[in-house]
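**Q** Protein sequences appear in the order of chains A and B.
Position one of the first sequence corresponds to residue 288 (my numbering), numbered consecutively onward.
Position one of the second sequence corresponds to residue 7 (my numbering), numbered consecutively onward.
First the structure, which I've put down as structure tokens, then a few questions once you've had a look.
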Amino acid sequence: EDQVTQSPEALRLQEGESSSLNCSYTVSGLRGLFWYRQDPGKGPEFLFTLYSAGEEKEKERLKATLTKKESFLHITAPKPEDSATYLCAVQPPYNTDKLIFGTGTRLQVFP
Amino acid sequence: KAGVTQTPRYLIKTRGQQVTLSCSPISGHRSVSWYQQTPGQGLQFLFEYFSETQRNKGNFPGRFSGRQFSNSRSEMNVSTLELGDSALYLCASSLPTQGVREQFFGPGTRLTVL
């Protein structure tokens, strides 16, 4: 069964303290892996798409990487405004838009 | 470019009632997917529509249904509401491209069933 697991469930960081979020997946053929950011009461905001192992993408303080079985979201020198839930999702190989989501990592960054 | 819009943003219903939620995709996007988000289960796929046809369906009871119109707008309906249907219902749209299709989400409709 296709599955996505994110860790840790929650993460508290001091402003400027870099860290990484993990997303491991088991899916029979990966078409794409996605990272989203979600603020309370809002819809997920698209961050990155990763297609193949070895790929990396960056946006401001965030960098996403992909291996054959997992992805990492690295947060460098975070600020309080980076506080949110970060969601990882995979898209199966067949003709569908369906995304299989992990349960997310709730990040809190304190000044 | 306007994003995905969903109406209404908030709904309060009682058990046994039915509800209809609406979603307007980003201009040019022809595929619409629906998800249910709850604290316990996270984001769960409901169904997706492309060119007015349901292309895929998640593991939800038949009380959950949807449709898509010729202008790509979509509605989902939940009949005989149960307390467990209280959730944030999210709509996402994507371009009709081959390969990986990035999905962009709306703000959601918060449904509370009393």
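Where a beta carbon is used, it is the ideal one built from N, C-alpha and C, also for glycine.
The structure presented is a predicted model; accordingly, all values stated were derived computationally and were not measured.
Once DSSP output is grouped into helix, strand and coil, what is the label at E368/A?
**A** Helix, per DSSP.
**Q** With 9 Å as the C-beta to C-beta threshold (strictly closer), list the residues of the stretch 54-69 of chain B near chain A in chain order.
**A** Listed by position along the chain: E54, F56, R61, N62 and G64.
**Q** CA-CA distance, P107/B and A93/B?
**A** Per the sequence shown, the amino acid found at residue 107/B is Arg instead of Pro. Distance between the alpha carbons of R107/B and A93/B is about 25 Å.
**Q** Nearest chain B C-beta to K355/A closer than 8 Å, yes or no?
**A** Cβ-Cβ to chain B under 8 Å: no for K355/A.
**Q** Am I right that P248/A and L300/A are in contact with their C-beta atoms under 8 Å? What's the rounded C-beta distance?
**A** Nothing in the structure corresponds to residue 248/A, since chain A is present only between 288 and 398.
**Q** What are the boundary residues of the beta strand (DSSP E) that G303/A is part of?
**A** No beta strand (DSSP E) holds G303/A; DSSP gives it neither H nor E.
**Q** Classify K464/A as buried or exposed, calling it buried when 16 or more other Cβ atoms lie within 10 Å of its own Cβ.
**A** With chain A running from 288 to 398 in the structure shown, residue 464/A is simply not present.
**Q** Out of S85/B, T103/B, G105/B and G112/B, which one is the CA nearest neighbour of C97/B?
**A** The shortest C-alpha separation from C97/B is found at G112/B.
**Q** Closer than 8 Å between beta carbons: that is the criterion. Which residues of the stretch 71-88 of chain B meet it against chain A?
**A** Those residues of the stretch 71-88 of chain B that come within reach of chain A (Cβ to Cβ, closer than 8 Å) do not exist; the list is empty.
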